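Okay, structure first, notes after.
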Amino acid sequence: MTLDLHVDGDRWRAHLRAVLERRPELVPVAKGNGYGFGNHRLARRAAWLGVDTVAVGTHQEVREIAPRFDGDLLVLTPWRPFLPDAVALLTDEDLAERVVHTVGRTDDLAALVASPGRPRVVLEQCTTMLRHGFSPSGLREAVEIAGAGGVRLEGVALHLPLPQGSHLGEVERLLTDVVAAGLDGTTVWVSHLRDHELDQLAARWPEMRFRPRTGTDLWLGDRAALRVTSTVLDVHPVERGDVFGYRGRTAPLAGTILVVSGGTAHGIGLEAPTGDASVKARAAALARGGLDAAGFVRSPFSVGGKQRLFAEPPHMQSSMLFLPHASDVPSPGDVVDVRLRFTTTTFDHVLVS
Ligand SMILES: *Cc1c(COP(=O)(O)O)cnc(C)c1O
Numbered sequence: 073m074t075l076d077l078h079v080d081g082d083r084w085r086a087h088l089r090a091v092l093e094r095r096p097e098l099v100p101v102a103k104g105n106g107y108g109f110g111n112h113r114l115a116r117r118a119a120w121l122g123v124d125t126v127a128v129g130t131h132q133e134v135r136e137i138a139p140r141f142d143g144d145l146l147v148l149t150p151w152r153p154f155l156p157d158a159v160a161l162l163t164d165e166d167l168a169e170r171v172v173h174t175v176g177r178t179d180d181l182a183a184l185v186a187s188p189g190r191p192r193v194v195l196e197q198c199t200t201m202l203r204h205g206f207s208p209s210g211l212r213e214a215v216e217i218a219g220a221g222g223v224r225l226e227g228v229a230l231h232l233p234l235p236q237g238s239h240l241g242e243v244e245r246l247l248t249d250v251v252a253a254g255l256d257g258t259t260v261w262v263s264h265l266r267d268h269e270l271d272q273l274a275a276r277w278p279e280m281r282f283r284p285r286t287g288t289d290l291w292l293g294d295r296a297a298l299r300v301t302s303t304v305l306d307v308h309p310v311e312r313g314d315v316f317g318y319r320g321r322t323a324p325l326a327g328t329i330l331v332v333s334g335g336t337a338h339g340i341g342l343e344a345p346t347g348d349a350s351v352k353a354r355a356a357a358l359a360r361g362g363l364d365a366a367g368f369v370r371s372p373f374s375v376g377g378k379q380r381l382f383a384e385p386p387h388m389q390s391s392m393l394f395l396p397h398a399s400d401v402p403s404p405g406d407v408v409d410v411r412l413r414f415t416t417t418t419f420d421h422v423l424v425s
C-alpha cells in the first residue's frame with residue numbers, strides 16, 4: 073500500500089540545472105523531510121549539480137548529508153551551547169572543517185571563540201522575520217569579537233520573509249549595517265530573493281558576494297515534473313444509512329466508500345472543511361447531495377479529476393473517501409492523484425524516471 077512521488081527525471085534535472093544557471097552562487101537547501109524527496113537524495117543531487125556548499129536545517133542533518141556530498145555544509149539553525157549535536161560538531165575530526173555555523177548571539181560567538189579549533193561562522197542579521205540574529209549594534213560587536221581570532225568569519229546571513237512585494241529596501245538597510253560593521257566585501261548568504269532582486273543587489277553592491285540559499289524553488293520549482301499517487305486498496309458500495317468507519321457513521325446517501333493508501337503516518341491530515349460558508353456555497357453543497365453539510369471534509373485525493381471528500385478522518389496508513397453514487401468508481405489496484413504539501417509528506421517510494 074503506497075503513497076508514491078513520481079518524478080519525471082529528465083524534466084526535474086533540466087529544471088535543477090536551469091536554476092543553477094540563473095543562480096551560479098546557488099546553495100541548495102536540504103532539510104526536514106528533504107522537501108518530500110529525502111535528504112539523502114538531495115545530497116546526491118547537489119553533488120551531481122556540482123555546487124560547493126549545501127545548507128542543512130539542523131546540526132543532526134549534517135550527519136545525514138555529509139556521507140553523500142563532500143563539500144561544505146552550512147547549518148541554518150544558529151549554533152547554541154545547549155544543543156548537544158551543535159557542540160559535538162566542533163570536535164568532530166571529519167566534519168569540523170566542513171561545517172559552517174550560523175551564529176546569532178554574542179554569547180554564542182564568544183563560546184565558539186573559546187572552543188577548540190577555529191570554527192567557521194557566518195553572522196546572522198535579524199530581519200523583519202524576527203527569527204534569529206544580531207541587531208545592527210550587535211553585529212558590530214560580533215565582528216569585533218570574531219576579529220580577535222578563534223573563529224573564521226565566512227560572511228553574514230539574512231533570512232528574509234517569503235516574497236510579498238520587494239525585499240530590496242530591507243536588504244539595502246541590512247547591507248548598510250554590514251558595511252558599518254566593517255564587513256565590506258563579505259559573502260552574504262540570503263534566502264527568498266527573486267532572480268531580478270539578486271541581479272539588482274549584485275549590481276549595486278559589486279564588492280559583496282551573494283549566495284542564495286534555495287530549497288522550494290529549486291527542488292519543487294517545476295511542479296509539472298512531479299506527480300503524487302495513491303493506490304486504491306478497496307471499494308465498498310453503500311446504501312443511504314449504511315454504517316461505516318471507526319466511528320460508525322452512516323452514509324448520507326448511496327455511493328461508494330473508497331479505501332486508498334496514504335494516512336496520518338504519511339503526513340496526511342484533515343484539510344479545511346469544504347465551506348466556503350457563504351449562503352450560496354452552502355446551497356450548492358446541499359444541492360450536491362449534502363455531503364459537506366453532513367460534515368464530510370475535503371481530502372487531498374482526486375478521483376475522476378475531482379477532489380474528493382474524506383468519509384472519516386484519515387487512518388494511520390490509509391484513508392476512506394466517499395464517492396457519491398454517480399461517480400465513476402476506480403478498482404482496487406488503480407491509482408488516484410493526490411495534491412499535498414511536499415514538505416510535510418513522507419512518501420513510501422520516490423520514483424525518479
Ligand atoms: C528553509 C530555509 C531556506 C530555504 O527556504 P525555501 O523557501 O525552501 O527556499 C533558506 N534559508 C533559511 C534560513 C531556511 O531556514
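Numbering (this note's numbering), first residue to last: 73 to 425.
Cβ coordinates follow ideal geometry from the N, Cα and C atoms, glycine included.
It should be emphasised that the depicted structure is a prediction, and the values quoted were computed from it without experimental measurement.
About 6 angstroms separates the beta carbons of residue 194 and residue 174, which is inside the 8 angstroms limit, making them a contact pair. Going by beta carbons, residue 88 and residue 102 fall outside the 8 angstroms limit. Per the coordinates, the alpha-carbon of residue 100 lies some 29 angstroms from the alpha-carbon of residue 187. DSSP places residue 261 in the uninterrupted beta strand (DSSP E) bounded by 259-263. Here the stretch 325-345 lies against the stretch 382-398, with 3 or more beta-carbon pairs under 8 angstroms apart. The stretch 406-416 makes contact with the stretch 366-374, as at least three CB pairs between them are under 8 angstroms. The beta carbons of residue 222 and residue 172 sit no closer together than 8 angstroms. Between residue 390 and residue 331, the CB-CB gap stays under 8 angstroms. Within 7 angstroms of the C-beta of residue 287 there is at least one heavy atom belonging to ligand 1.
With fewer than 16 other CB atoms across the displayed protein chains lying within 10 angstroms of its CB, residue 120 is exposed. Look at residue 294 here: in three-state DSSP terms it is coil, with no helix or strand label. Ligand 1 never approaches residue 260 closely enough for any of its heavy atoms to be under 7 angstroms from the residue's Cβ. Around the beta carbon of residue 338, 16 or more other beta carbons sit within 10 angstroms, so the residue counts as buried. Judged by pairs of C-beta atoms under 8 angstroms, the stretch 416-424 does not touch the stretch 306-315, as fewer than three such pairs exist. In this structure, DSSP gives residue 169 a state outside helix and strand, which the three-state scheme calls coil.
Distance between residue 133 and residue 157, taken at the CA atoms: about 10 angstroms. Counting the other CB atoms within 10 Å of its CB gives residue 203 a total below 16, which places it among the exposed residues.
Under the rule that a run must span 3 or more residues, the beta strand (DSSP E) segments found entirely inside the stretch 267-326 read 281-286 and 298-310. Judged by the Cβ position, residue 239 fails to qualify as a neighbour of ligand 1 at the 7 angstroms threshold, every heavy atom of the ligand being at least this far.
In this chain, residue 129 is not harboured by any beta strand (DSSP E), its DSSP state being neither H nor E.
Closer than 7 angstroms to some heavy atom of ligand 1: that describes the Cβ of residue 148.
In this chain, the beta strand (DSSP E) harbouring residue 192 covers 192-197.
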